[in-house]
């Protein structure tokens, strides 16, 4: 309508003293003064539209209880002036179906009798003539009344009818009045009196078909017309008493808000999931999570449902389409959830080979506690510094951060195979054996710990057994070192060397020269001098002089006279022989790794192979030796590239997928001793020492037992791809079928 230039009072004078203005309809406005109510436009049997000025009509008499503007209010039922399609035959125009409420001196009135049936054609008659005021039932809170009105047609007779239902919640009591539930589907002209449906109710919604839902204690209940199972309960007919809506899997629970639009009902759960359904067989969970739902009536009186997503988007349900032009918004009472970073860790080892775990908990200011567990989560300890693991074996380490309200981050979970060098308290110990020698007890059996000694501040040497000292007092130092040469423990002791025996200078006695007498009985026994096979050096006696005794006994059998032409003269003679060095070699018995089948349930599959090496050092040099193994990454033969249907894709597993457990060595021949570097070794780009012999050790033949373990990962790295492939070198893909190859390089090197 065109608004006149000037609005005048009923006498044509300027309109003054107006305290309130209300829109009565799209064609009329009312003005409230302290002593009168005026209207301009079309309505209530009046028409005052003229140009260029319009006089208002005095309608104060329509409101007998009116006393002043302060005691006069006007509103529309449900707070909105909406329109509906008139369902009279042949008429499809939009008509006014609003219900106006006037509050005068604290009493509520409507222009429509809420307790009387209205025919379809009477939906727009509130303003057609001078109004009649109807008292709204006492105790009904008009701000909490919802009207559901839907012009309809009987599917069998074609008769038009206008079902209408009212709901209100007063102090938790849900009440209904209007069209009986049985008349919503087929028509009727009666109105059911107000009835209490349930108590302790938080909210109620309807869809215009006579089906209603309400929220109570986190659960959804339904009542009313159940055409084709619309309520979510299988079957049809009428549900007079409330029935709980659970869904096929019991998913409709822990609900904090409900809404309905058209033939779709929504339940917002406390985890921000939204369950939607249109009948008993169509329950589903919407793809987005929501913080809140809103219902806004459209021009037909139905409610459109909107929602605010967790990311602050204002969208229309059910598809979640964002409403154009809206900024990020959140509910008034919304408190953004505290999201704590998942901790990360760095694993290292200290000089005692103990695993040290450094945890980064993130920088969130909401963190109140940082915790870790080394027993799989049974006990939580405060994290104040990097954690050093002291127990041997597989340790389940977990870490988490905490915030106010019992909020925890996601867990950091790692399994650590800890192999610390444990040295008993008070060790190493030096024992004086009392005979000029000493022994050392290291207090550890760890293969990576080495015991070294030095005497009188000399050079450190490896300890291999009891040590005999020269005479005198000596300072003995002992230390335990790791493979990197770092000191782990030390000790010192004074030990006395061997006490020397007293010495004397012998007086030589000259043996008499025998006289040969031609007689069968010699008077002396001549002794022939024979050169020994091995020259024996003459050594000064240390125990004391030895007396030379002249034989006085005559042998029973005569000894023949020495032939002076045989042998050598009395004296010494050198006899020599040569020792030749033997072999220096190693032999590996081979490695057999079985086939492995891809499994989607395990991130790793494991295969094992037991084998051995034989090492021989027959050189006799005592130089010692090192036996090492270096491997390359396991690179596949070309496999199928499903992005371009070729066989040009090459992938690899890292060398650290393989590890070896080295067993104690077995001496097959020669010098006994342990040469194996026992324990578990994980391969990398550096050689792994499998066995080692220090100087003057490892002279013989030894068997080294080895147990190899290959942990086949579920992802492999792209090495190369053919032209047109969607794969790129350096990225990861799933484990591929094929043959993988690695080069094993064994090295037996002299020296240590």
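Residue numbers (the UniProt record's numbering): 1 to 752.
Beta carbons are placed, not taken as given, at the ideal position from N, Cα and C, and that holds for glycine.
Member of the options whose CA lies at the smallest distance from the CA of residue i
i: residue 495; options: 459, 467, 323, 485; result: 467
i: residue 181; options: 198, 174, 163, 175; result: 163
i: residue 97; options: 477, 456, 151; result: 151
i: residue 465; options: 433, 491, 472; result: 433
i: residue 632; options: 686, 638, 665; result: 686
i: residue 238; options: 244, 247, 227, 47; result: 227
i: residue 186; options: 369, 158, 132; result: 158
i: residue 23; options: 36, 64, 101, 71; result: 101
i: residue 271; options: 253, 644, 259; result: 253
i: residue 236; options: 248, 281, 274, 256; result: 281
i: residue 621; options: 429, 750, 347; result: 750
i: residue 390; options: 361, 380, 421, 409; result: 421
i: residue 629; options: 584, 70, 591; result: 591
i: residue 377; options: 410, 706, 360; result: 410
i: residue 132; options: 142, 110, 120; result: 110
i: residue 105; options: 71, 584, 588, 312; result: 71
i: residue 312; options: 473, 326, 302; result: 326
i: residue 436; options: 469, 405, 716; result: 469
i: residue 445; options: 452, 431, 423; result: 423
i: residue 661; options: 174, 709, 692; result: 709
i: residue 309; options: 683, 642, 118, 273; result: 273
Per-residue burial, residue i [other beta carbons within 10 Å of its own, 16 or more giving buried]
i: residue 414; result: exposed
i: residue 539; result: With a pLDDT of only 42 at residue 539, under 50, the local geometry of the prediction cannot be trusted, and the value read off the model is given with reservation. Residue 539 should be labelled exposed.
i: residue 21; result: exposed
i: residue 675; result: buried
i: residue 759; result: No information on residue 759 is available, as it lies outside the stretch 1 to 752 that the chain covers here.
i: residue 747; result: exposed
i: residue 835; result: Here the chain covers residues 1 to 752 and nothing more, so residue 835 does not appear.
i: residue 353; result: buried
i: residue 394; result: exposed
i: residue 652; result: buried
i: residue 547; result: Note that residue 547 scores 39 on pLDDT, short of 50, meaning its location in the model is unreliable; the coordinates nonetheless yield the value given after this. Label assigned to residue 547: exposed.
i: residue 399; result: buried
i: residue 222; result: buried
i: residue 456; result: exposed
i: residue 745; result: exposed
i: residue 730; result: exposed
i: residue 696; result: exposed
i: residue 290; result: buried
i: residue 14; result: exposed
i: residue 156; result: exposed
i: residue 336; result: exposed
i: residue 506; result: In this predicted model, residue 506 has a pLDDT of only 47, less than 50, meaning its place in the structure is not dependable enough to derive any value.
i: residue 741; result: exposed
i: residue 412; result: buried
i: residue 732; result: exposed
i: residue 485; result: exposed
i: residue 77; result: buried
Beta-bridge partners of residue i, as assigned by DSSP
i: residue 633; result: Residue 633 is not bridged to any residue.
i: residue 206; result: 212
i: residue 661; result: 680, 707
i: residue 480; result: 451, 489
i: residue 304; result: 296
i: residue 625; result: 693, 750
i: residue 606; result: 711
i: residue 474; result: 495
i: residue 27; result: The partner list for residue 27 (beta bridge, DSSP) is empty, contrary to what the question assumes.
i: residue 397; result: 414
Nearest-angstrom Cβ-Cβ length linking residue i and residue j, presumed shorter than 8 Å
i: residue 18; j: residue 31; result: 5 Å
i: residue 57; j: residue 39; result: 5 Å
i: residue 343; j: residue 678; result: With a Cβ gap of about 35 Å, residue 343 and residue 678 do not count as contacting.
i: residue 317; j: residue 407; result: Contact flag wrong, Cβ pair sits at about 29 Å.
i: residue 169; j: residue 140; result: The pair is not a contact, with the Cβ atoms about 11 Å apart (cut-off 8 Å).
i: residue 220; j: residue 255; result: 6 Å
i: residue 207; j: residue 260; result: 5 Å
i: residue 331; j: residue 292; result: 5 Å
i: residue 454; j: residue 462; result: Contact doesn't hold; Cβ gap of about 11 Å is too wide.
i: residue 690; j: residue 609; result: Incorrect: roughly 15 Å between the Cβ atoms, too far for contact.
Below-8 Å beta-carbon distance, residue i vs any chain C residue
i: residue 173; result: No chain C is present in this structure, which holds just one protein chain.
| Every unbroken beta strand (DSSP E) within the stretch 202 to 280, with a cutoff of 3 residues, ordered by chain | 203 to 206, 211 to 216, 219 to 225, 238 to 245, 255 to 261, 264 to 269, 274 to 277
| query | What are the uninterrupted segments assigned as beta strand (DSSP E) that are 3 or more residues long and contained completely in the stretch 299 to 381, given in chain order? | reply | 303 to 309, 314 to 316, 344 to 349, 355 to 360, 367 to 373
| In the stretch 118 to 147, which residue ranges form an unbroken beta strand (DSSP E) of at least 3 residues, counting only runs that do not cross its ends? | none
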